[in-house]
Every structure is written in C-alpha cells, then in structure tokens.
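Asks:
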Amino acid sequence: MRFWRIGVVLALGLVVLTSPARTESSGGVRVLPLGDSITDGFTEPGGYRTGLWQRLSGHDVDFVGSASSGPAGLGDHDHEGHPGWRIDQLDAGIVTWIRLARPRTVLLHAGTNDLNQNHDVAAAPARLGALVDKIRSLAPLAEVFVAQITPIPDDAVLEGRVRAFNAALPAVVAQRGPRTHLVDMHSGFSPADLEDGVHPTSAGYATMADRWAAALESVPDSLTPLLAPPVDAPAVLANPRSLRCLDFGRVADCDGRPSQTWVRTAAGELRASDGRCLDASAAAVRACDGSPGQRFSFSPDGSVVAGSGGCLDAVSRFAGCRGTGDQRWSVR
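Per my numbering, the very first residue in the sequence shown carries number 709; after that it's consecutive.
#1: Measuring alpha carbon to alpha carbon, tell me which of Trp805, Asp929 and Gly964 ends up nearest Pro848.
#2: In this structure, how does DSSP classify Arg871 when only helix, strand and coil are distinguished?
#3: Exposed or buried, what is Gly743 when buried is set at 16 or more other beta-carbons lying within 10 Å of its beta-carbon?
#4: With a floor of 3 residues, list each beta strand (DSSP E) that falls wholly inside the region 809–897, ordered by position along the chain.
#5: When the Cα atoms are used, what is the spatial distance from Arg810 to Ser1038?
#6: In or out: Arg958 buried (at least 16 other Cβ within 10 Å) or exposed?
#7: With a cut-off of 8 Å on the beta carbons, I'd call Arg812 and Leu934 a contact; round off their distance for me.
#8: For Ala761, tell me which candidate among His785, Phe853 and Pro859 has the shortest Cα-Cα distance.
#9: Tell me the DSSP secondary structure of Gly789 in three-state form.
#10: Checking 8 Å against the spacing of the C-beta atoms, do Leu846 and Val944 come in under that value?
#11: Rounded to whole angstroms, what is the Cα-Cα separation between Glu867 and Val906?
#12: Determine the DSSP secondary structure at Leu1020, reduced to helix, strand or coil.
#13: Who are Asp770's beta bridge partners in DSSP?
#14: Say whether the region 757–775 touches the region 786–794, bearing in mind that this needs 3 or more beta-carbon pairs closer than 8 Å, one atom from each stretch.
#15: Can you tell me which of Ala917, Ala882 and Ser898 puts its alpha carbon nearest to the alpha carbon of Ser765?
#16: Return the bridge partner residues of Asp930 from the DSSP annotation.
#17: Can you tell which of Val803, Ala974, Phe897 and Asp1009 has its C-alpha closest to the C-alpha of Asp940?
#18: When burial is assigned at 16 or more other CB atoms within 10 Å of the CB, is Gly1031 buried or exposed?
#19: According to DSSP, is Trp1037 part of a helix, a strand, or is it coil?
#20: When the Cα atoms are used, what is the spatial distance from Arg730 to Ala834?
#21: For Ser967 versus Ser981, is the C-beta spacing smaller than 8 Å?
#22: In terms of residue numbering, what span does the beta strand (DSSP E) encompassing Ser745 cover?
#23: Do you know offhand how far Cys1029's Cα is from Phe956's?
#24: Starting from Leu945, follow its DSSP beta bridges and name the residues at the other end.
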C-alpha cells in the first residue's frame, strides 16, 4: 500500500511540465486528447491513445496537442496530457492549446488530481464545467467528450470522492449543450485493471480506448471534417498560419471573446455577435443590407470568398484570392 501511494504522489501530485514537441499531422479530423497522466500514459506508454488510434483506423484522424509521447505502434503521438495537473492548471493553458490545436473533437479526462490532492474537492465539478465553457467559447463547433474519471478502488476515501465527482458530471455536461457528451470511464473497472491503484494497466487502457471509440462513433460529426460553419450555428474562424481569429472585421489573437463568434445565415451572411454583418466591400462590420459584399462562400481549400470578389485575408482583411496560407481558414 505504501509503495503505490508514493507512486501516486510522484505521478499525480507533482506538476510536470512538458516541453513543446514537433507535431505530427495526417491532415485528418483533429482530435485533442486532454487531461493528466492518464492521458499521457504514465504506466503504459501512449495510454489509451494507442488503442484508440488503432480502433479508429477506418477514419482519417489527426491527434493534436503540444506534447508527444507513446510507442511506435501509436501512429500519431500528439496529445495534451500533463502528469500531475489539476483542472485549474489545464484551464490556465487551454486558450493557447485550442489556438494551436484547432480541434474538431476534444477528449477530456480530468479531475483525478483535484481529488488525490484534496484540492477544493466540492468545487471540482464546477471547475470542470468552467473548463468546458472555455473550450466551447474558443471552439463553439467542437464535439467535446467529457469522461467520468476512472476509479481508485484501493482507497475508500479517494474512491468516495471519485464517485461523488462522477455523479455530478451528467448535470455539468447536460448544461453545456448538444455538442458536449458524457462518457463513462468508471463502471466495469476492477482493481486488476489498475497498475498502481490509480493508473490503468494495458487492459484498463484498452477498455478506455473502446469507450472513447464507441462514443466518437456514436457522434458522426466528431469524425467528420468541418469545411464551413453550419447555418445558424455560432462558429469561430481561425487562420492556422497566423494563429489568429476573425474579430469584428479585423484579425486578432484567438481568446474566445464574443466578437470572435460568427453565425452564418442561409443567405450566406456572417453575422457578428452584435447582429451586424461582415462586409468585404468595407473590410469591416456593417448593418446587414443583403449586398454581395456581405455574402460569403466557403471553398474546400479553406478560402472564404466574398460575393463581391476577393477573399478573407489574415493580413489585409480582404484581398484578391490567391490561395496562400493567409487566406486559408479553419472553422471551429
């Protein structure tokens, strides 16, 4: 018992900074594994990510994140798993990570360290909800999967905290709208599925991979590229080259502010949060008038083309279409 408690302190109680790594990209649907050492794979290199990658082999998927780890059998090593980190620490990094990763889908397994460190345990579900809110503001169209965390059966006190935390999550998820989904990562695990009482064994990670895969495949949009904003759905338009977002007729650092949220109408307008329309003719936001400069189409190459001519440009706002990186936009 004493041995595994030391392991928990080392793996879960310390903040271990992960240096930025060279990312791998397949050009597929961008999936962000987000969490702590269980996402990183403390006792089993790659953790659940190895099995999930293999189970999603029939889909074109690109794992994204600033960290990189795992075995050769894991085809894409990128992730955002930070050993020892609590929810508040993940929250502190999420703006930068979403800006860099531009995820279509987020897999969030977090809270174990809050409970293990006895860090304001009662408020942990609310902190997780606030983290999801921030993700939603930065990527309104992302499909966000929130896990009820894996058990800690060897410690009755910690397992009691886990059960109370998990019991609060259905309400937390339900309040975040139809693109936020709950995933059960707690039931059906036995002590034999946990290497040190906390971190899964290879069999435990295989179970996690199965459950993530089933959840993703139950929401087809989570594995489908998003080339244009759905009509009447809030969206953020981000330029991958500059790592900046469209903001009230200008381009600014992506930070989730309301002025970076746009709604595409059936008429092809891009309406700002104040109800005005993006206008290519003025390179600004103006009262909506149905003119060609306020109607936009989205090309498969990422270009946003105005009905009056020209393309949305991260440098000059609008310019002649030339297919450069400054004119390629991702929707999230």
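Glycine included, each C-beta is placed from N, C-alpha and C at the ideal position.
Replies: According to the structure data:
#1: Translated into positions along the sequence shown, residue 848 becomes position 140. Looking at the Cα atoms, Gly964 is the closest of the given residues.
#2: Taking the sequence shown and counting its residues from 1, one reaches residue 871 at position 163. In the structure shown, Arg871 sits in a helix (DSSP, three-state: H, G or I).
#3: Position 35 of the sequence shown holds residue 743. Gly743 comes out buried.
#4: 813–817, 851–856 and 888–892
#5: Here residue 810 is taken as the residue at index 102 of the sequence shown, counted from 1. Here residue 1038 is taken as the residue at index 330 of the sequence shown, counted from 1. So the two alpha carbons sit approximately 8 Å from each other.
#6: For the purposes of this step, residue 958 is identified with residue 250 of the sequence shown, where counting begins at 1. By the C-beta density criterion, Arg958 is exposed, having fewer than 16 other C-beta atoms within 10 angstroms.
#7: The residue given as residue 812 occupies position 104 in the sequence shown. The residue given as residue 934 occupies position 226 in the sequence shown. Right, their Cβ atoms sit about 6 Å apart.
#8: Indexing the sequence shown from 1 puts residue 761 at position 53. The sequence shown places Trp at residue 761, rather than the Ala named in the question. Per the Cα distances, His785.
#9: Residue numbering aside, residue 789 sits at position 81 when the sequence shown is read from its first letter. Strand at Gly789.
#10: Within the sequence shown, residue 846 is the residue found at index 138, counting from 1. Within the sequence shown, residue 944 is the residue found at index 236, counting from 1. Closer than 8 Å, so yes.
#11: Along the sequence shown, one-based indexing puts residue 867 at 159. Along the sequence shown, one-based indexing puts residue 906 at 198. Each residue's alpha carbon lies about 10 Å from the other.
#12: Counted from its first residue, the sequence shown places residue 1020 at position 312. Leu1020 falls in the strand class under three-state DSSP.
#13: Within the sequence shown, numbered from 1, the residue matching residue 770 stands at position 62. Asp770 is bridged to Arg738.
#14: yes
#15: On the sequence shown, position 57 is the one that residue 765 refers to. Out of Ala917, Ala882 and Ser898, Ala917 has the C-alpha closest to the C-alpha of Ser765.
#16: Taking the sequence shown and counting its residues from 1, one reaches residue 930 at position 222. Note that residue 930 is Ser in the sequence shown here, rather than Asp. Per DSSP, none; premise fails for Ser930.
#17: The residue given as residue 940 occupies position 232 in the sequence shown. Among Val803, Ala974, Phe897 and Asp1009, the Cα nearest to that of Asp940 is on Ala974.
#18: For the purposes of this step, residue 1031 is taken as residue 323 along the sequence shown, with counting starting at 1. Exposed.
#19: Sequence index remark: in the sequence shown, residue 1037 carries index 329 (1-based). Shown here, Trp1037 sits in coil according to DSSP, grouped into three states, outside any helix or strand.
#20: Sequence index remark: in the sequence shown, residue 730 carries index 22 (1-based). Sequence index remark: in the sequence shown, residue 834 carries index 126 (1-based). Since pLDDT at Arg730 reaches only 44, below the 50 mark, its modelled position is unreliable, and the value read off the structure follows with that caveat. Arg730 and Ala834: Cα-Cα distance of roughly 34 Å.
#21: Along the sequence shown, one-based indexing puts residue 967 at 259. Along the sequence shown, one-based indexing puts residue 981 at 273. It is a contact, given that the beta carbons lie within the stated cut-off.
#22: Residue 745 sits at position 37 when you count from the first residue of the sequence shown. That residue, Ser745, is in no beta strand (DSSP E); its alpha helix (DSSP H) goes Ser745 to Asp748.
#23: Indexing the sequence shown from 1 puts residue 1029 at position 321. Indexing the sequence shown from 1 puts residue 956 at position 248. Those two C-alpha atoms are separated by around 21 Å.
#24: Taking the first residue of the sequence shown as position 1, residue 945 is located at position 237. Val1039, per the DSSP bridge assignment.
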